[in-house]
Amino acid sequence: MSGTMAEKVWRDHIVSKGENGAPDLLYIDLHLVHEVTSPQAFEGLRLAGRQVRRPDLTIATEDHNTPTINIDQPIADITSRTQIDT
């Protein structure tokens with residue numbers, strides 16, 4: 009089938025095609041999370057009584073608060089350090 013790479017990936021992951029303006033239901037086969045907004049997402053799941061369905065397909069990375077200078081020193085910003093340490 010033709011289409012952009014994004015369209016092909018999307019098409020390959022449709023579980024249920026949305027009808028009448030409803031969104032498609034997609035199967036997510038790899039879940040990438042990071043230290044800045046992911047805690048709020050996990051808190052939302054907790055409050056809704058839900059769990060991550062496939063934790064074995066979840067990869068976390070510390071990318072937004074990882075220093076690029078003075079990497080041999082503790083992270084100076086307390087919020088950044090807390091997000092990474094947590």
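Under our numbering, residues 9 to 94 are what the sequence shown spells out, in order. Even glycine gets a Cβ: it sits at the ideal position worked out from N, Cα and C. Note that the coordinates shown come from a computational prediction; the quantities given were computed from them, not determined experimentally.
{"Item": "Just mark Glu43 as buried or exposed, buried being the case when its beta carbon has 16 or more other beta carbons within 10 Å.", "Value": "buried"}
{"Item": "What does Leu40 pair with, by DSSP beta-bridge criteria?", "Value": "Ile67"}
{"Item": "With a Cβ-Cβ cutoff of 8 Å, do Asp33 and Ser24 count as a contact?", "Value": "In the sequence on display, residue 33 carries Leu and not Asp. Yes, Cβ-Cβ distance for Leu33 and Ser24 is below 8 Å."}
{"Item": "For the alpha helix (DSSP H) containing Ile86, list its first residue and its last residue.", "Value": "86–93"}
{"Item": "Just the Cα atoms here: how many angstroms apart are Lys16 and Met9?", "Value": "8 Å"}
{"Item": "Please report the straight-line C-alpha distance between Pro63 and Ala14, rounded to a whole angstrom.", "Value": "24 Å"}
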